[in-house]
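Take a look at the structure below.
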Ligand code: ARG
Ligand code: ZN
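Residue numbers (UniProt numbering): 12 to 897.
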């Protein structure tokens, strides 16, 4: 049955305190749960219904007496309870058999928990919903040799030895919290520790716990954590509220990381890094995720969600906060813009397709079957864009005031997205946000990416330029009609030779220099700019000021002007993307075979000058030179032939490789590291551009039969001083299909056989390699037989199966449907082990309805094959049901 937002009611009972005692044992852990409950006076009298899943119930005591209870739809139901009472529940569970990785599980002989969203019910019977907040006292007991470290939320208040080689630790969390923020960890771990003094003089202990061999990979996570603590205090006045803040890494984890109060649990992928094993991208992800989880301490933990429909309240806000954090750590405006472009690229390649497909849902959904399916790019990334638009509408200072008011008002509460938006508006009563709040909140309610059609006309006589906008939003599941959104559109005007023009809006006094925010509220609206001697080139949606699809009939000449001159780096990049996309679509939809000149001379010349421009940072050049992805190109088409898209994009890559050969050589030589390795954005950008140059040099060499660059690449692979350079060299050999790739891959495996995260890269690179005559699928099947492969480890499963099925469209979509058959087999296989990971994989054919034949029918058949299985998890069932309905 679907859970619906409109059905929300407050709980009939409150839980004030919880005392948990664990006797940890991998095959039979005993959990004693003593709670103080009281009736919620605002709700009608009713039975107590506690959630529980895969638990063995041994005993239920009410105020110390045996009580009668019944099981109903998986819930433990108790009637005839007093107003307030103590409830004691004793259960056991089996962590070692927990392959779902929800609740209490064992990974490499260590106990971990994952409770968000509904995992706590797999540990004990509880009101497992975020609006029930309690004070927790946790006692952990375990064998001292096997589990020397015993951790839970809050402060360690007691510890000591027990008979039979066992020991215990007791933890008290000073803050009330919902059950999804509970955590425990027990095992053989070591910690990097750092004491820091906050602004108010208080001392805090920061700890990063890992397995013994990994301590040399924790420095960056610790540095990121320290930066996070300082940043949240400096930017938003939000201090660390705990004496001790712990991060623990596990190699078996469904997601990236989890913000349990004071005890964040992380996927090793987002903790462990040293220069020999981690790439610049890993370093940057670690910084973001450490920041993200730390910022949840306020946006999520101190103020949490009333119900799971409000998930974006904490996730959208916290993604926005981690994006701002990474930007504020940048040394200059160029690096900030690079970060913004990267974030927008994620939104457009992952969230826009979601919003256009069968799983489309509002930032605040109206219903779900399985909440785990709603940890989506819409909730996270689009949610962050909604918060960003609020900041745009009230200004940076105004937004900080709004955040302050939000936490003043709601500290210690479980609230809604309405409460958040209201606080930001109330702190800025004269803002456009306050004036338009009810309409602005349509961003929470309406799904689908809005289309913004813009049209410009110049009136020489009046010396005026009119920008006319029309907004619309395509229908999405359950929503056929949409009301207009509030869309902040940042606009600038350029002269034809690329100078920034002053903006004089008709009817306004002063002209302004630079960007203006036009606030759209109507289905169609126009703005007249005066005092213009010639038709300007409009730069619209600067910085991607709203998550919309902008449609403007730019001429190639106008795009070239923007690419060469716009003061807004985002729109400079965007102009290049539009030009490349235009050529790609032309070649794809053309009936002629794909030639080798997809890109025109003007584009090539523009890329040549970008590469040679000494004023531009390498990171920015790398973004501009990166062609739109196959996924992004496919989204622009009504009917998609993935093979044709792949062929065209490969032709474009090769064209850039050969036409700019001399420039790539120059870029490679000019962007070599000089000093010691540092992962800062500037040096990372240089390595990225050098790596991109190598890919193109190897591509061109493979086409021409030249051996020099592949040889140099192999040499670089062998003596690189860091993983970024080494991996980029390996990637250049693999992705150009050069014969030297095979020995390099073998050598890479031999060097890093004991580094799980590096072996993930090794698998992923091969499963994601460009297809050559259908070679990737047989390779993927072979990789699954490799002794290092395991379906049970989510990172490993993702590195092979997802890299092929979800990140390699040119190899996955085969005319013989073998890719789809492989996919459906893996979904079914995974579903029996780990429904969350399976359901994620099941999203892989969301866009089947857009495919050309024979792909479309074959894809549909593969989805139906999964749907035909009678005992699918709720997770996977929901995904395939929606896919077939859409
Ligand atoms: N709250 C976590 C984060 O965004 C993610 C937890 C996801 N858990 C899940 N079961 N889907 O940092
Ligand atoms: Zn989060």
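For glycine and all other residues, C-beta sits at the position ideal for the given N, C-alpha and C.
What you are looking at is a predicted structure, and each value in this text was computed from that prediction instead of being measured.
Beta bridge pairing from DSSP links residue 528 with 501.
Within the DSSP bridge table, the entry for residue 104 names 40 as partners. For residue 451, the enclosing alpha helix (DSSP H) starts and ends at 443-451.
In the displayed model, residue 182 falls within a strand according to three-state DSSP.
Taking C-alpha positions only, residue 336 is separated from residue 207 by approximately 19 Å.
In this structure residue 557 touches residue 499 by the C-beta definition: roughly 6 Å separates them, less than 8 Å. Following the DSSP letters along the chain, one finds residue 89 in no alpha helix (DSSP H) but inside the beta strand (DSSP E) bounded by residues 86-89. Under the DSSP assignment, residue 134 falls outside any alpha helix (DSSP H); it carries neither an H nor an E label.
For residue 329, the distance from the CB to the nearest heavy atom of the ligand ZN is below 6 Å. Contact between the segment 402-412 and the segment 375-387 is absent: fewer than 3 CB-CB pairs across the two stretches fall below 8 Å. Runs of the beta strand (DSSP E) spanning 3 or more residues and lying entirely within the segment 264-298 occur at 274-278, in chain order. Nearest C-alpha to residue 465 among 893, 479, 136: 479. Where residue 258 is concerned, the enclosing beta strand (DSSP E) starts and stops at 255-261. With the rule of 3 Cβ pairs closer than 8 Å, the segment 731-745 does not count as touching the segment 371-382.
Secondary structure note for residue 394: it is in no beta strand (DSSP E), and the uninterrupted alpha helix (DSSP H) holding it is 394-421. Taking 7 Å as the cut-off, the Cβ atoms of residue 136 and residue 63 count as close. Residue pairing by DSSP places residue 26 opposite 48 in a beta bridge. Taking 4 residues as the shortest admissible run, the segment 637-706 contains the following complete alpha helix (DSSP H) segments, listed from N- to C-terminal end: 641-646, 653-670, 672-681. Note: residue 562 is bridge-paired with 464 in the DSSP secondary-structure output. In the DSSP assignment, residue 807 falls within the alpha helix (DSSP H) that extends over 805-808. CA-to-CA, the gap between residue 186 and residue 27 works out to about 12 Å. For residue 703, the closest alpha carbon among the candidates 633, 721, 461 is that of 633. Counting along the chain, the unbroken beta strand (DSSP E) around residue 59 starts and ends at 59-61. In the three-state reduction of the DSSP assignment, residue 191 falls in the helix class.
Here residue 316 is bridged, per DSSP, to 426.
Rounded to the nearest whole angstrom, the C-alpha separation of residue 806 and residue 143 is 33 Å.
Under the rule that a run must span 4 or more residues, the alpha helix (DSSP H) segments found entirely inside the segment 748-773 read 752-763. Setting aside the 5 residues that flank it on each side, residue 621 is surrounded in the same chain by 574, 587, 627, 632, 635, 636, each with a C-beta closer than 8 Å to its C-beta; the list follows chain order.
Closest by C-alpha distance to residue 220, out of 85, 195, 244, is 195. Here residue 329 is buried, its C-beta having at least 16 other C-beta atoms within 10 Å.
With a threshold of 6 Å, the Cβ atom of residue 646 does not count as near the ligand ZN, since no heavy atom of the ligand is closer than that. Assigned with DSSP and collapsed to three states, residue 125 falls in strand.
In this structure, residue 594 keeps its C-beta atom at 7 Å or more from the C-beta atom of residue 605.
Residue range 567-576 is occupied by the alpha helix (DSSP H) that includes residue 572. When rounded, the separation of the alpha-carbon atoms in residue 35 and residue 417 is 40 Å.
A distance below 6 Å between beta-carbons, with the five flanking residues on each side excluded, links residue 786 to no residue of its chain.
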